[in-house]
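Encoded as structure tokens, the structure appears first; notes follow it.
Residue numbers (our numbering), protein chains in the order written: chain A, 17 to 390; chain B, 1122 to 1593.
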């Protein structure tokens, strides 16, 4: 392990693993940092626009504490990530919520994290109810309602109906029950289109297209001598819309399997494999967008010049979809956008050198993002 | 405090949390109801609370003759409860009074016809400009003639002042007429300038201001002063107008017109005084006090304005009178910081963080840490700590020397000491999971406050000690 900086060789990563996962730090210098690596020994953090340069710096994860003065929240988050089973978007998100819940990023962030963690817990249950109802609706003649599922006689009835469905599939009741459990657990990470409780991934997808439109509208207000602002807005809009398009496709794939439960269950191994892969991809595609959406929401009530500067920050945060993770038909479009992004990322300004004190106002703004609704 | 007052205070605090689309709908709904007549006071009060966000969001407003009449001077408008006139500013309370005069002096049928034409157009539609030019010209001629008539004898003047309900509105009427007389020039300048508030006084901005001041001077020599006041109101840091004036004079190989620089510094000083007075009246008059962080940010903004005004006064070489005015304002602001932020901050923060129990006693020996902390009190303690940190930044300029720093350091020591004591008492102690949850919540709340007061290093030491003690 080295403690020196290195610049990323390729600006456009090939895989999600190479791109890394956004770590929602509250130390301003590290705010757009992404972690990547197979394990703690090889883990690195990628920092765009650091040290007055346009490149992306790569720093060993373990050196972060020595090289930067971090907020207490970030020191706790660093510890929590070191203990995480892997560096996937889900695990980083859970670590971040658990740390924010402690109150180290302020009361609003703590309250929001508590609510989101509770929601995560309930989503699996909601997904299980929803899937069960959908299976019964499509594969049995006897109806079952959500209200019934909440009662003991209703559950008994559900058991009887599901036993019948299991027999029709050539399975035991326990086998079907276990598969519904696994299916619910898998899809609950991104939610389903018609589920009564909206998962974070669905909320994000629903925000992406309007966000792209907002950037376009904002860009229209730029004058001829503000070409940088207009270009940033255009790029942010293009990436938001393309990400929305891609995420929508994956989300629809997941929804389709649920709409045809008989077919999905008959082809169980294939369904599970495809669903897991799609959920995994969707979570990686959406990683980092929560921060982008909230940053722009925060900018919405600031004067235009501040919005322009916050847009530069948005550009620094824009998550790109890696080349090999894209369908070949989208690679040309993304190649153009990534090329523009490489030119448009500007160095972090106003934060001084790497190890000096933390910008207090900027830290408070980043903490507010954690408490802000999506 | 009534329920309505509580709701208004709550709205003020959450103004920027309302989604933009909803906010726009709300403004349109309120404005539509204003047109219905009857007692509109509550609606107007509500809209005044929403104004800071309206200024930023700029939702499509109802297009009326009144709104068009006010366009040339909208940057000069301000909310105040004070009756003292401010140089270069127009109290919002003058709008209705002056508009009533405009209607009385004008042709009612023609005004109604114009209103009909406007209502179908957005406020900033280019077609409005031609209509607005007529409104401004009529307003300038009719209102000027009224002022000339009223100035002929003291009785007429008194009648007009009574009608307008105060000398300050009468003064505002004069200022409005001055602006309406060059409204086309003002409007052209506003159109060419970047969106307000202008953050950077660039060469382009200076050029636009300079060209329009020349046009105004050609109309009448004193009109450049009127235009200067409008230009200053468009700037985020109005004191930067002094530098702009110097650059303009240098370009024209002249010296800065002393009348202009005198007016600019007078406007800066009285503007700072007005900001201070408004804040004071708000603090004294409202039953619901703003949270400490919000107040500290307002004070920081005012301290910055005063500093800007001071440097402008010094660079202009204007008389000592303005210096004394500024010094008085600075002392008032210092007292305000004392009363509202520094005094009792230590007791308030400690009391709030300890809410739920005392640090030193308690039947379980956990000094109340086994009871969950009070969320709202913790929030208050955090806001106070943030206010203290913000206050320390401008303490020097306000003559508070190291007082804020000292307060921060004493408080941090007290909090660290008390928390450290509790951590010691946790060592090796059996706790139920509920008790442990409460203890952790208290520990992290203290750590957070220490970080806000003294930075992350001391706070993190405390966190690590606490965790070690809990795990022992």
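We put the CB at the ideal spot given by N, CA and C, even for glycine.
Against chain A, the CB of residue 1500(B) has a partner CB under 8 Å away; the residue lies at that interface. Between residue 140(A) and residue 203(A), the alpha-carbon positions lie close to 8 Å from each other.
Nearest neighbour of residue 94(A) by Cα position, chosen from 50(A), 307(A), 335(A), 142(A), turns out to be 50(A). Membership of residue 63(A) in any alpha helix (DSSP H) is not indicated; the residue belongs instead to the beta strand (DSSP E) covering 60-64.
Using a Cβ-Cβ distance cut-off of 8 Å, the segment 1240-1247 of chain B and the segment 1270-1277 of chain B are not in contact, since fewer than three pairs of beta carbons, one from each stretch, lie closer than that value. Within its own chain, the residues whose Cβ lies closer than 8 Å to the Cβ of residue 1569(B), once the five positions on either side in sequence are excluded, are 1503, 1580, listed in chain order. In the DSSP assignment, residue 50(A) falls within the beta strand (DSSP E) that extends over 50-52. Per DSSP, residue 161(A) lies in no beta strand (DSSP E) segment and is marked neither H nor E.
Below 8 Å, too few C-beta pairs join the segment 84-101 of chain A and the segment 344-361 of chain A to call them touching: fewer than three.
The criterion of a C-beta distance shorter than 8 Å is satisfied by residue 64(A) and residue 361(A). Membership of residue 73(A) in the beta strand (DSSP E) is indicated by the continuous run 72-76. Per DSSP, the unbroken alpha helix (DSSP H) holding residue 153(A) starts and ends at 123-155. Within chain A, the C-beta atoms nearer than 7 Å to that of residue 1174(B) come from 317, in chain order. DSSP links residue 1211(B) through a beta bridge to 1198(B).
In the DSSP annotation of this structure, the continuous segment of the alpha helix (DSSP H) that includes residue 216(A) starts and ends at 216-236.
DSSP places residue 1300(B) in the uninterrupted alpha helix (DSSP H) bounded by 1288-1302.
Of all alpha-carbon atoms in 1515(B), 1347(B), 1363(B), 1543(B), the one lying nearest the alpha-carbon of residue 1306(B) is that of 1347(B).
Excluding residues up to 5 positions away in sequence, 1200 lie with their Cβ nearer than 8 Å to the Cβ of residue 1172(B) in the same chain. Each of 1588(B), 1184(B), 1296(B), 1260(B) was checked against the Cα of residue 1221(B), and the nearest Cα belongs to 1260(B).
Between the segment 1530-1547 of chain B and the segment 69-82 of chain A there are fewer than three inter-stretch CB-CB distances shorter than 8 Å, so the stretches are not counted as touching.
Residues of chain A whose Cβ lies closer than 7 Å to the Cβ of residue 1565(B) are, in chain order, 118, 119, 120. Using a Cβ distance threshold of 8 Å, residue 1197(B) and residue 1256(B) do not count as a contacting pair. Spanning the alpha carbons of residue 363(A) and residue 331(A) requires a straight line of approximately 11 Å. In the three-state DSSP reduction, residue 1356(B) falls in the strand class (E or B). The DSSP assignment places complete alpha helix (DSSP H) segments of no fewer than 4 residues inside the segment 1510-1569 of chain B at 1524-1547, in order along the chain.
In chain order, 1568, 1569, 1572, 1577, 1580, 1581, 1584 make up the part of chain B whose C-beta sits under 8 Å from the C-beta of residue 88(A). A straight-line Cα-Cα distance of about 12 Å links residue 1213(B) and residue 1204(B). Less than 8 Å divides the Cβ of residue 1385(B) from the Cβ of residue 1433(B). Taken through DSSP and simplified to helix, strand or coil, residue 37(A) comes out as strand.
Under DSSP, no beta-bridge partner is assigned to residue 1376(B).
Inclusion of residue 1423(B) and residue 1396(B) in the CB contact set at 8 Å is warranted, their separation being smaller than that value. Straight-line spacing of the CA atoms in residue 1318(B) and residue 1506(B) works out to 30 Å. Within the DSSP bridge table, the entry for residue 1319(B) names 1356(B) as partners.
With its beta carbon at least 8 Å from every one in chain B, residue 214(A) lies outside the interface.
Distances from the alpha-carbon of residue 58(A) to those of 77(A), 47(A), 43(A), 42(A) put 77(A) closest.
Of all residues in the segment 217-238 of chain A, only 237 come within less than 8 Å of chain B when Cβ atoms are compared, listed by chain position.
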